[in-house]
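Student: Structure incoming, see below.
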Ligand code: SF4
């Protein structure tokens, strides 16, 4: 996983609540057996005027000029500003893969759906929760100022706006550690293999029916 | 010290170790796998040269991509076929038990787990699928995970988790006749909102919940995720134990007795404290229909489409406007005047035998309205289908003009050939009415099986209780 330390990037505002994972990456693209290549289909139904299917040349499709991601001023955005309950719906990690493949490094919102929030950290995407007033204010600032960029410092847990205002944010210590170092958490867990085996041995005594195999 | 909630008990029994910041390593008893969210996880194992920790705790089934029509020719769509074949191959390579497409036990992952007794009370159950919350109906801690976590569980039998908060939703008293589990859960989501349970594990409690069958309880827990909660659960009682008894993978003999003794402790202590409590009066719940593009956009069958002008929150009002535009609806229209093009009875929310019986009771001796282009029933599993056929339900549906299909997810998310065309309106027993969920431009209204059946007969939304009364009269 790519470590996340400091990102200084253009912000794109997506002004709607409850953006669900079906909207982030529609189901026809979930048929892929890979982790990459989802970027062109991020927000597919909103982004294009014609229907999309896997295997198409998406650069030849008709973009929806009204959709925010297609506006010239937001090209190359790395930070997505969103509303409450972002990423609700399915557990598909493809939603995170589509965002990162497109080039988004961080999503800022007043709240996230739990599974999406979890999935983000596993892929080097930093979800930042800020209170509703602050998010509201950021929306106004981004929309009023073309080329609006934010600096995210994960080490310091701060956001810095173009005017120099510093906004702190919270993130779990363990998740922050993994993200800063780009760590594979399976490797970390396997360091505790003996403890897992000891747990299993104890549970086999207490609740043997849990180990009745299905083979 | 106050007592423990059901969630506290399940959590404590499964913690292997806890870090200083409260992050825990949680042991997973059961892992369900389907074709959509697993290929990248198996690939990850392969790349890292890792093996599954415990293959006997894993059960795999293809469900999202499988065709619901004749399967003798295999899967026509080449991309879907590759995904299903990839699952078959991965299961063979890693030694995982799979019910392949043509196995009688194949079906939707959340239907077959309980049906086989693979899901048992007191277990931790995960699947790369958000509706894993379904299994919480058994007094289990069950929740959906992403693909990285699927790989993590395969490799370590554990997950890195932070404990969620405790929430209890009590449905007080009894619902009226003809009001179903689906109506209860839609009413709950209408009340607390789609983010109402975020960060929480929800325990559903109260007389109305206790009175539900296991099928009904699974419907309620299935949609906990639609209320924002990764996990929904219901305490174990005799209904739970009777359902589990005799299932293929349920414990037998002396082990059964020991298990039951433990399962009987799986309820919240009377003095347990919840971070959030919600109480809903069962008597107020009427059959529900969603009108918008989020499950919280829901009204009773005698209601009217709401007006964004009456909403004080600007962000919400804007969301309502976008939803109305997408759904092609005008504020103030009675929902009972809205006509449907298609009807879908199926999905992990409502495709179990009880659901099919409820729909058949409405349909019996009637015909699908001429304006309805397609009405289909997709049983949740091969075994549900078999039982329904033994009871003659398929004949009732076929005589009325419904299609009777092979089991799978089907038009719940339209990854196979079953889908809505742009602008088509569907009465659906599934769980998500998101934009494009059932096909690009498709318009989904979530309802119970009886309400979907009634809409098929009437050609528009209608109170299913009228049909039940007629049938009884
Ligand atoms: S039936 Fe629908 S919600 Fe359930 S697992 Fe399948 S796609 Fe997901």
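Chains as they are written, first to last, in this note's numbering: chain E, 1 to 215; chain B, 1 to 473. We treat Cβ as the ideally placed atom computed from N, Cα and C, and that holds for glycine. On a predicted model such as this, the values are computed, not experimentally measured, just so you know.
#1: Please return the same chain residues whose Cβ sits closer than 8 Å to the Cβ of residue 160 of chain B, not counting the five positions on each side in sequence.
#2: Give the range of the beta strand (DSSP E) segment to which residue 375 of chain B is assigned.
#3: Which chain B residues are close to residue 33 of chain E, counting only those with a beta carbon under 8 Å from its beta carbon?
#4: Quick one: any contact between the segment 444 to 451 of chain B and the segment 53 to 69 of chain E, if contact means 3 or more CB pairs under 8 Å?
#5: Determine, using beta carbons only, whether residue 25 of chain B comes closer than 8 Å to chain E.
#6: Ignore the nearest five residues each way along the sequence and tell me which others in residue 474 of chain B's own chain have a CB closer than 8 Å to its CB.
#7: Per DSSP, what are the beta-bridge partners of residue 33 of chain B in this structure?
#8: Where does the unbroken alpha helix (DSSP H) through residue 153 of chain E begin, and where does it stop?
#9: I'd like to check one pair, residue 275 of chain B with residue 172 of chain E: are the Cβ atoms closer than 8 Å?
#10: In its own chain, which residues sit with a C-beta less than 6 Å from the C-beta of residue 443 of chain B, not counting the 5 before and 5 after it?
#11: Hey, which unbroken runs of the alpha helix (DSSP H) at 4 residues or more fall wholly within the segment 217 to 261 of chain B?
#12: With distances taken between CB atoms, is the gap from residue 80 of chain E to residue 104 of chain E smaller than 8 Å?
#13: Applying a beta-carbon distance threshold of less than 9 Å, which residues of chain B neighbour residue 119 of chain E?
#14: Can we say the segment 402 to 416 of chain B touches the segment 69 to 82 of chain B, given the rule of at least three CB pairs closer than 8 Å?
#15: Provide the residue span of the beta strand (DSSP E) that contains residue 179 of chain B, from first to last.
#16: Can you find a CB in chain B that lies within less than 8 Å of the CB of residue 57 of chain E?
#17: Please identify, using Cβ separations under 7 Å, the residues of the segment 102 to 115 of chain E that lie next to chain B, in order along the chain.
#18: Does the segment 167 to 182 of chain B come close enough to the segment 51 to 59 of chain B that 3 or more CB-CB pairs lie under 8 Å?
#19: Using a cut-off of 8 Å between C-beta atoms, extract the partners of residue 65 of chain B located in chain E.
#20: Looking at residue 504 of chain B and the ligand SF4, is the gap between the Cβ and the nearest heavy atom below 7 Å?
#21: So residue 184 of chain B and residue 208 of chain B are in contact, right, with Cβ under 8 Å, and what is the actual spacing, rounded?
#22: Please report how far the alpha carbon of residue 250 of chain B lies from the alpha carbon of residue 359 of chain B, in whole angstroms.
#23: Can you tell me where the beta strand (DSSP E) holding residue 83 of chain B begins and where it ends?
#24: Under the three-state reduction of DSSP, which class applies to residue 145 of chain B: helix, strand or coil?
#25: Tell whether a beta-carbon distance below 8 Å holds between residue 39 of chain B and residue 33 of chain E.
#26: With a cut-off of 8 Å, does the C-beta of residue 160 of chain B fall near any C-beta of chain E?
#27: Closer than 7 Å by beta-carbon distance: list the chain E residues that pair up with residue 194 of chain B, in chain order.
#28: Using a Cβ-Cβ cut-off of less than 8 Å, list which residues of the segment 316 to 334 of chain B approach chain E; keep chain order.
#29: Check the Cβ of residue 131 of chain E against every Cβ in chain B and list those closer than 7 Å, keeping chain order.
#30: Please determine whether the Cβ atom of residue 108 of chain B lies at a distance below 7 Å from any heavy atom of the ligand SF4.
#31: Taking only runs that begin and end inside the segment 278 to 350 of chain B, name each unbroken beta strand (DSSP E) of 3 or more residues, in chain order.
#32: Beta carbon of residue 131 of chain B: closer than 7 Å to some heavy atom of the ligand SF4?
#33: Cβ of residue 59 of chain B within 7 Å of any heavy atom in the ligand SF4?
#34: Which first and last residues belong to the beta strand (DSSP E) in which residue 167 of chain B is found?
#35: At the 8 Å Cβ level, is residue 23 of chain E part of the contact set with chain B, yes or no?
#36: So does residue 413 of chain B have its beta carbon nearer than 7 Å to some heavy atom of the ligand SF4?
Tutor: The short version:
#1: Same-chain partners within the cutoff: 23, 24, 25, 26 and 152.
#2: First-last of the beta strand (DSSP E) with residue 375 of chain B: 374 to 377.
#3: Neighbours of residue 33 of chain E on chain B, chain order: 39, 40, 43, 82, 83 and 86.
#4: Between the segment 444 to 451 of chain B and the segment 53 to 69 of chain E, the count of Cβ pairs shorter than 8 Å is below three; the stretches do not touch.
#5: Flagged as an interface residue toward chain E: residue 25 of chain B, by a C-beta distance shorter than 8 Å.
#6: Lying outside 1 to 473, the shown extent of chain B, residue 474 of chain B is not represented and no answer is given.
#7: For residue 33 of chain B, DSSP records a beta bridge to B:60.
#8: Element bounds for residue 153 of chain E: not the alpha helix (DSSP H) but the beta strand (DSSP E), 149 to 153.
#9: Cβ atoms of residue 172 of chain E and residue 275 of chain B: not closer than 8 Å.
#10: Contacts found: 327 and 425.
#11: The DSSP assignment places 238 to 244 as complete runs of the alpha helix (DSSP H) inside the segment 217 to 261 of chain B, in order along the chain (cut-off: 4 residues).
#12: With contacts defined by Cβ atoms closer than 8 Å, residue 80 of chain E and residue 104 of chain E form a contacting pair.
#13: Correct list: 145, 146, 147, 148 and 149.
#14: Taking 8 Å as the limit for Cβ pairs, the verdict is that the segment 69 to 82 of chain B does touch the segment 402 to 416 of chain B.
#15: Premise fails: residue 179 of chain B is in no beta strand (DSSP E) and is neither H nor E.
#16: No, its Cβ sits nowhere closer than 8 Å to a Cβ of chain B.
#17: Answer set for the segment 102 to 115 of chain E: 111, 113, 114 and 115.
#18: Contact fails between the segment 51 to 59 of chain B and the segment 167 to 182 of chain B, because fewer than three Cβ pairs, one in each stretch, are under 8 Å apart.
#19: Near residue 65 of chain B (Cβ distances below 8 Å), the residues of chain E are 31.
#20: Past the boundaries of the shown model lies residue 504 of chain B; chain B is included only from 1 to 473, so the question cannot be answered.
#21: By a beta-carbon distance limit of 8 Å, residue 184 of chain B contacts residue 208 of chain B. Their separation comes to about 6 Å.
#22: If I take the Cα positions, the gap works out to 30 Å.
#23: In this chain, residue 83 of chain B is not harboured by any beta strand (DSSP E); it is covered by the alpha helix (DSSP H) spanning 78 to 94.
#24: Correct three-state label for residue 145 of chain B: coil.
#25: If you check the CB distance, residue 39 of chain B and residue 33 of chain E come in under 8 Å.
#26: Residue-level contact by beta carbon holds for residue 160 of chain B and chain E, with a gap shorter than 8 Å.
#27: The answer, in chain order, is 18, 85 and 88.
#28: Against chain E - using a Cβ distance shorter than 8 Å - the residues of the segment 316 to 334 of chain B are 316, 318, 319 and 322.
#29: Neighbours of residue 131 of chain E on chain B: none; closest Cβ ~14 Å, over 7 Å.
#30: Indeed, a heavy atom of the ligand SF4 lies less than 7 Å from the Cβ.
#31: Runs of the beta strand (DSSP E) inside the segment 278 to 350 of chain B: 288 to 290, 298 to 300 and 342 to 345.
#32: Proximity of the beta carbon of residue 131 of chain B to the ligand SF4 is indicated: a heavy atom of the ligand is located closer than 7 Å.
#33: Result no, Cβ not under 7 Å from the ligand SF4.
#34: First-last of the beta strand (DSSP E) with residue 167 of chain B: 165 to 172.
#35: Flagged as an interface residue toward chain B: residue 23 of chain E, by a C-beta distance shorter than 8 Å.
#36: Indeed, a heavy atom of the ligand SF4 lies less than 7 Å from the Cβ.
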